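One structure is given below, encoded as structure tokens.
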Amino acid sequence: MNDAINKEKRKYSILLISLSIVLVISIFISLCIGRYSIKIGEVIFYLFNKSINPTSYNVIKYLRIPRILVSVCVGCALSLSGTIYQSLFNNKLVSPDLLGVSQGASVGACFAILLGLSSVMISIFAFLMGFIAVILSLLIAKIIKNKSNIVLILSGLAVGGLMSSLVGLMKYLADNEMKLAEMTYWLLGDLSSVKMTDFYILCPVLITFSIVTIIWSHKLNIVSLGYKEAKSLGVNYKLTMIVLIIIATALTAVSVSISGTISWIGLVIPNIVRLIVGSNNKKVIPVSMLLGSIFMVIVDTFARSISPNEIPLSIITGIIGTPLFIYAIYHRRKEL
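Residues in the sequence shown are numbered from 870 upward in steps of one, following my numbering.
Below is the structure:
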């Protein structure tokens, strides 16, 4: 018995180490690849603080590093958010925009673009509207006075539908030449204009909520069993649900406010991870975060490398994510 447990722990440790190595390699390759290619030697010299070509230095420091760091955080945050939502609602087909957060953020961003505001204000508007959308979903569910999670999901769908309609209205009102194009590009996901300040905003939020979620992973496991089971095991079901919904919403809202809407990551990655490590969130959460980061770095590298014009991120995540999702639901079809 102990040998089997030790073997499982060893396999899990090897998996975490392997994914960490893959993430480092992905980051290193991403530093080299792009419209302006940089030699491996120059990247190594930069990392060891040695002098290199000024153009390569500027590209690495001011373009590649901020973008890669933000892509790591966004992939990690969206995967964690998806893991939380899927466990809370015991539904593997749930994604981070379940309660309308992505659609709400889209309304905020499009409104800011329509007003001609700066990129910083676009992010602020997106973040605030993302949270407002979730608050509306929770209020509607409370007004209906039904404890079923289905009511909360339906409330989220209703709010998401309303927000999508508002986005459509703003696209209709937008200037055809500039603002409409900017809205469309933002709605499909874009990291081309990120700066280190975006990383400094996103990273502390991610670290704080990741630690809380990992500590509460056993509660997340219990809550996924349902209200009666949670109560019988001494877990405050309502408090745990509220705290974890706030965490998942904050992670999604802050990510979307910086990167735009990026689909599939929060839906696909947790499902793939559960195929590998099972359903215990203590194992699922760290692996989801690592795999989400790797996936996002690879997607962003493709987005800025395979075409002279940068491809929106959601196009690539959709192309890669769809077959992965079909594979995941096929292998988990008996659980759905």
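All C-beta atoms in this analysis are idealised placements derived from N, C-alpha and C, irrespective of residue type, glycine included. Please read all numbers here as calculations on a predicted model, not as lab measurements.
CB of residue i within 7 angstroms of CB of residue j, strictly
i            : j            : result
residue 1207 : residue 992  : Lying outside 870 to 1205, the shown extent of the chain, residue 1207 is not represented and no answer is given.
residue 1154 : residue 1093 : no
residue 1102 : residue 1091 : yes
residue 1058 : residue 1130 : yes
residue 1024 : residue 1009 : yes
residue 912  : residue 1163 : no
residue 957  : residue 1113 : yes
residue 987  : residue 1062 : no
residue 951  : residue 1095 : no
residue 1018 : residue 1089 : no
residue 939  : residue 1068 : yes
residue 995  : residue 1126 : yes
residue 1117 : residue 931  : no
residue 990  : residue 978  : no
residue 1006 : residue 1037 : no
residue 923  : residue 1065 : no
residue 1043 : residue 983  : yes
residue 1171 : residue 1184 : no
residue 1141 : residue 1197 : yes
residue 1020 : residue 1013 : yes
Segment limits, alpha helix (DSSP H) that includes residue i
i            : result
residue 1053 : 1048-1056
residue 928  : Counting along the chain, residue 928 falls outside any alpha helix (DSSP H), and DSSP gives it neither H nor E.
residue 1106 : 1106-1128
residue 872  : 871-901
residue 1152 : 1150-1172
residue 1090 : 1086-1092
residue 958  : That residue, residue 958, is in no alpha helix (DSSP H); it is neither H nor E in DSSP.
residue 1143 : 1134-1146
residue 1018 : 1018-1042
residue 983  : 970-983
residue 912  : 909-916
residue 1192 : 1182-1200
residue 992  : 988-1013
residue 1096 : 1096-1101
Whole-Å CB distance - residue i paired with residue j, under 8 angstroms assumed
i            : j            : result
residue 998  : residue 1028 : So it is not a contact: roughly 11 angstroms between Cβ atoms.
residue 1137 : residue 1190 : 5 angstroms
residue 1165 : residue 941  : 7 angstroms
residue 1177 : residue 1157 : With a Cβ gap of about 34 angstroms, residue 1177 and residue 1157 do not count as contacting.
residue 1201 : residue 961  : 6 angstroms
residue 929  : residue 915  : 5 angstroms
residue 1060 : residue 1132 : Rounded, the Cβ-Cβ distance is 15 angstroms, inconsistent with contact.
residue 967  : residue 1022 : 6 angstroms
residue 1054 : residue 965  : The Cβ separation is near 21 angstroms, so there is no contact.
Residue i CB to nearest heavy atom of the ligand SAH below 6 angstroms
i            : result
residue 1127 : This structure lacks the ligand SAH, and indeed carries no ligand of any kind.
Requested in this report: May I ask you to verify whether the segment 1118-1131 touches the segment 961-978, counting CB pairs closer than 8 angstroms and requiring at least 3?
Outcome: yes
Query - Stretch pair the segment 1070-1081 + the segment 939-947: three plus CB contacts closer than 8 angstroms - result: yes
Query raised in the report: Does the segment 919-939 touch the segment 1041-1049, meaning 3 or more C-beta pairs lie closer than 8 angstroms?
Result: no
Query raised in the report: Using 8 angstroms as the Cβ pair cut-off and three pairs as the minimum, do the segment 899-911 and the segment 880-889 touch?
Result: no
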